[in-house]
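Enquirer:
Written out as structure tokens, the structure is:
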């Protein structure tokens, strides 16, 4: 069933661990704003992403730059 998943809305859920999302490689839009995420490395495998919202999480600037390099076609939102 998850192979057909292209959009996922998980904002406002107090999520801190996103390792399980790494296998959802067909995602094109992922919304994770207002959670407690600090490690975004698992998202690098989501190469089909075109939109990623990570506003209001605990992500450092170095990781943001790293993820932008890994997913150059993805529009990302951070704050």
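In the numbering used here, the protein residues as written are 2 to 80. From the three backbone atoms N, C-alpha and C, an ideal C-beta is built for every residue, glycine too.
1) Rounding to the nearest angstrom, what Cα-Cα distance links residue 3 and residue 24 in this structure?
2) Going along the chain, which residues of its own chain have a beta-carbon closer than 8 Å to the beta-carbon of residue 59, five neighbours each way excluded?
3) If I'm right that residue 45 touches residue 72 with Cβ under 8 Å, what's the distance once you round it to whole angstroms?
4) So, helix, strand or coil for residue 15, using DSSP?
5) Identify which residue in 22, 13, 17, 6 has its Cα closest to the Cα of residue 34.
6) So, with DSSP's three-state summary, where would you put residue 31?
7) For residue 50, which of helix, strand or coil comes out of DSSP?
Expert: Short version:
1) Our two residues, residue 3 and residue 24, have alpha carbons roughly 9 Å apart in a direct line.
2) 37, 38, 39
3) 7 Å
4) coil
5) 13
6) When DSSP states are grouped into helix, strand and coil, residue 31 belongs to the strand group.
7) coil
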